[in-house]
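These protein sequence lines map, in sequence, to chains A and B. Each residue of the first sequence is one higher than the one before, starting from -2 at the first, in this note's numbering. Each residue of the second sequence is one higher than the one before, starting from 3 at the first, in this note's numbering. Glycine included, every Cβ here is placed at the ideal spot set by N, Cα and C.
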Amino acid sequence: MSDQNDFQPLVNKENKDVDITSVSYEKVDQPGAKSLLKQAQGFWVTFITMFKKVNTVQYPEVKEPTAERFHGRHQLNRHPDGLEKCIGCELCAWACPADAIYVEGADNTPDNQMSPGERYGKVYQINYLRCIFCGLCIEACPTRALTMTNEYELADSTRGKLIFEKDDLLGPLRAGMLPPPHPMYPGMTDTNYYNGDVKEAHPSQEQK
Amino acid sequence: MNNAQLLLDDPGWIITLKAVIVFAVCVVLTIMSVWGERRIVARMQMRLGPNRVGKFGLIQALADGVKLALKEDLIPAAADKVVFVIAPVISTTAAFMAFAVMPMTGPVNFFGEETVMQLTDLPVGVLYVLATASVGVYGIVLAGWSSGSTYPLLGGLRSSAQVVSYEIAMGLSLVSVFIYSGSMSTSSIVAAQQSTWWYGLVLFPSFVIYAISMVGETNRAPFDLAEAEGELVGGFHTEYSSLKFALFFLAEYVNIIAVSALATTLFLGGYHAIPGLGFTEQWLGGWFTLIWFFLKVLFFFFIFVWLRGTLPRLRYDQFMQFGWKVLIPVSLLWILVVATLRLISTTSQSRTSTFIFAGIVVLIVMGISTAVDSSKKKRAAQVYPEAAAPSFAVPSLPSEITTINVSDNANNRGGDRV
């Protein structure tokens, strides 16, 4: 027991105000097994481990949930009325260290309102052959349009299939959402949208 | 009727059939033991091990074998082609041959013929096993040499040095069995153990030495220096691929089974039931002894796996030191003791002389161990006088350095300076 405690940390003992330019060390005896019996303890450890619960997860059949904030596939989010949050600013593409994101923005028109405000992301591609799942794009996104899901099963058979288009990345339409394009919530500006004042779609937003 | 007499009147077709069965048993046992080993080691490491191919992953090893067979068979340009091809064949053949003299059952009815499950019964059966094991070394050393590459050569040399060294200890540990049983035939040794206790108990030190040296002999963990992945890539079989590699793999596992079978035969009463369960030997017309035999073999196999799961690999010099300086002297001493005791008992001396002799031996051993201990302590306590400082400049010794200066002056820094 005492062997383990004899280990000396690398600090300068003489000088109590720690001087980072100088470290001292002391020779300590290597801890080792004291007797034949102690050495034989290892056999008991491996033997008893045979009857313990295994750690293996039978993966394709059993799927354990990932860590809560695991970096998985990206998702493009929507406002509560169904309009897209992405404004096509390309900040995610610029932030990307692996050059995995390609964005082309376009203007919203009254006939074709995809997101609140002036612009929307017309083309949005993430190349999962390049993506390193660092999450810098998520940090860069000013509208919280881009987030990451916990989905990790991204293997596929061709390179083409691994370039995810906007359709693949867009989040689903939830209750109270209308599929864009449709006009903005009556009486709301894009600032209201970002402040979360819009809770769900208004009947008048539905397009003929 | 003893085994040799029973085997003498075997017709040719039975001998052929038995040879095929021995071969099949070795191959099937290899496949099963690869699976078993991987499963057991996995459990020791809190994993599951192979459980996908077939029920419980049982045919995993078979699938691996098929995979190996279908791989490209590569012969390096620098290799000595003929020797390169022959080497794995030598290894495997030698490994299989050892099994020919193992008595696996007592007298049984084999297709209407009263016989025993033993291919042949040589009067020098155990020596034959040692001899085939030595021939197996040729496979390893030739494989290493003919590969025309550094690591295989080193691995082959290590492996052969190892096997040769541990064979001495192994051979010596068997001497006391010969002395006690009065025979070198495997079946007679099994029979001799019926009249006394198992030799594993009677000759316990021999048993321990044999158990250690059989691990060294088969190049298995913790003595798998020849295949030390961290140092020698794959050792002697680095350059081997496809079926030739599979042959080495097969040879290794057949060797394990063979030395386990020999240990069973010599020390654990062979195919006989454990004491107290002798009535089971009559079950299934004597065939139940086969189950006893393989239970004991599998017990040894489990020990092999257990060692692999527990112990780290030894350093080469430690390993050699252990073999030559511990195992061999101890076995020599033990042979001396056993031979004397045997002489006392066969010349029917009185019990007292046995006890006097045993007492003297104990005293000598105690004396030696005390002397070794005290010399060790003396050496540890010895203070070496410091030599006078030389007149020329020398770097300070590591023990004298108490501080390391890490300067933050950019000009003093080593490495790239732009």
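Cβ pair residue i, residue j closer than 8 Å
i        : j        : result
Ser167/B : Ile142/B : no
Val256/B : Cys28/B  : yes
Leu159/A : Asn124/A : yes
Pro125/B : Ser187/B : yes
Asn111/B : Gln164/B : no
Ile77/B  : Lys83/B  : yes
Ile170/B : Ile330/B : yes
Ala102/B : Leu121/B : yes
Gln72/A  : Leu166/A : yes
Arg70/A  : Thr146/A : yes
Gly138/B : Gly146/B : no
Ala275/B : Trp294/B : yes
Tyr153/B : Val235/B : yes
Lys163/A : Tyr121/A : yes
Trp289/B : Thr107/B : yes
Ile42/B  : Phe304/B : yes
Ser149/B : Thr267/B : no
Val261/B : Glu219/B : yes
Asn74/A  : Met48/B  : no
Pro107/A : His76/A  : no
Ala103/A : Ala137/A : no
Leu205/B : Ser185/B : no
Ala198/A : Asp96/A  : no
Glu115/A : Val100/A : no
Asp123/B : Leu19/B  : no
DSSP beta-bridge partners of residue i
i        : result
Arg116/A : Asp104/A
Phe112/B : Glu115/B
Phe302/B : DSSP lists no partner for Phe302/B.
Leu73/A  : Leu143/A and Leu167/A
Glu81/A  : Arg75/A
Phe161/A : Ile123/A
Asn109/A : Thr106/A
Ile98/A  : Ile123/A
8 Å contact criterion, which residue i and residue j should meet: CB distance rounded
i        : j        : result
Gly271/B : Trp200/B : 5 Å
Phe302/B : Ala265/B : 5 Å
Gly85/A  : Tyr117/A : 6 Å
Cys89/A  : Cys128/A : That pair is no contact at about 11 Å.
Leu144/B : Ala89/B  : 4 Å
Leu338/B : Leu227/B : Contact flag wrong, Cβ pair sits at about 31 Å.
Val131/B : Ala100/B : 5 Å
Leu174/B : Leu334/B : 6 Å
Gln110/A : Pro177/A : 7 Å
Leu70/B  : Leu245/B : 7 Å
Leu60/B  : Trp37/B  : 6 Å
Terminal residues of the beta strand (DSSP E) in which residue i lies
i        : result
Thr144/A : Leu143 to Met145
Gln164/B : It is not in any beta strand (DSSP E) - Gln164/B instead sits in the alpha helix (DSSP H) that spans Thr152 to Ser183.
Gln320/B : Note, Gln320/B: premise wrong, no beta strand (DSSP E); alpha helix (DSSP H) at Tyr318 to Gln323.
First through last residue of the alpha helix (DSSP H) which encompasses residue i
i        : result
Gln196/B : Thr188 to Ser197
Leu88/A  : Leu88 to Ala92
Gly288/B : Looking at the DSSP string, Gly288/B is not in any alpha helix (DSSP H), and its letter there is neither H nor E.
Phe359/B : Arg353 to Ala383
Arg127/A : First-last for Arg127/A: undefined, no H or E at that position.
Thr349/B : First-last for Thr349/B: undefined, no H or E at that position.
Ile276/B : From DSSP, Ile276/B is part of no alpha helix (DSSP H); its letter is neither H nor E.
Gly218/B : Phe206 to Glu219
Ala64/A  : No alpha helix (DSSP H) holds Ala64/A; DSSP gives it neither H nor E.
Ser136/B : Gly127 to Ser148
Ser201/A : Run containing Ser201/A: none; DSSP gives neither H nor E here.
Asn192/A : Asp187 to Asn192
Lys35/A  : Leu33 to Thr46
beta-carbon residue i near the ligand HEM non-hydrogen atom, thresh 7 Å
i       : result
Val42/A : What this structure holds is no ligand at all, so the ligand HEM is not there to describe.
Discussion item. Tell me which residues of the region 43 to 59 of chain A have at least one Cβ-Cβ distance to chain B shorter than 9 Å, keeping chain order.
Written reply: Near chain B, meaning a CB-to-CB distance below 9 Å, the residues of the region 43 to 59 of chain A are Thr43, Phe44, Thr46, Met47, Phe48, Lys49, Lys50, Val51, Asn52, Thr53 and Gln55.
Discussion item. Beta carbons nearer than 8 Å to chain A: which residues of the region 310 to 336 of chain B have them?
Written reply: Gly311, Thr312 and Leu313
Item to complete: Residues of the region 187 to 203 of chain B with a CB closer than 8 Å to any CB of chain D: list them in chain order, please.
Response: In the displayed structure, chain D is absent; the protein chains listed are A and B.
Worksheet item: If contact means a Cβ-Cβ distance below 8 Å, which residues of the region 284 to 309 of chain B contact chain A?
Response: Trp308
Worksheet item: Which residues, in order along the region 80 to 104 of chain A, keep a beta-carbon less than 9 Å from a beta-carbon of chain B?
Response: none
Worksheet item: What are the residues of the region 49 to 69 of chain B that lie near chain A, defined by any Cβ-Cβ distance shorter than 7 Å?
Response: Arg49 and Leu50
Discussion item. Output needed in chain order: residues of the region 156 to 172 of chain B with a Cβ under 8 Å from some Cβ in chain A.
Written reply: Answer set for the region 156 to 172 of chain B: empty.
Worksheet entry | Residues within the region 368 to 389 of chain B neighbouring chain A, beta-carbon criterion of under 7 Å | Within the region 368 to 389 of chain B, no residue has a Cβ that lies closer than 7 Å to any Cβ of chain A.
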